[in-house]
Amino acid sequence: MGLPQQAVTLALVFFNIGVELGQLIFVATVVLMVVLLQRLTYPALLNKLQTAVVYMIGGVSAFWLIERTLSF
Numbered sequence: 002m003g004l005p006q007q008a009v010t011l012a013l014v015f016f017n018i019g020v021e022l023g024q025l026i027f028v029a030t031v032v033l034m035v036v037l038l039q040r041l042t043y044p045a046l047l048n049k050l051q052t053a054v055v056y057m058i059g060g061v062s063a064f065w066l067i068e069r070t071l072s073f
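Here this note's numbering is used: the first residue of the sequence shown is 2, the next is one more, and so on.
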């Protein structure tokens with residue numbers, strides 16, 4: 002793997018910490034966006050944004066499902 006044997010554990014620990022921090026930053030950003038969108042004074046715009054986000058997430062999910070199913 003290109004690392005000395007004694008450094009593998011430390012590298013793996015720091016890699017996992019980095020992944021977890023990235024996930025926390027992503028979730029914090031999404032929560033902040035949701036809070037800001039809830040404060041919008043245009044409920045019609047908020048409903049359209051929510052619908053668009055739901056369709057985007059559903060589209061990506063369907064793509065991943067089909068892609069992974071066909072890879073077997």
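Glycine is no exception: its CB is placed at the ideal position from the N, C-alpha and C atoms. From a predicted model like this one, the values you see are computed outputs, not experimental measurements.
Reduced DSSP secondary structure (H/G/I, E/B, other) of Pro44: helix
Distance, Arg69 Cα to Val31 Cα: 26 Å
First and last residue of the uninterrupted alpha helix (DSSP H) at Gln24: Val9 to Gln39
Test item: CB-CB of Leu41 and Leu33 under 9 Å: no
Length of the line joining the Cα atoms of Glu21 and Val9: 18 Å
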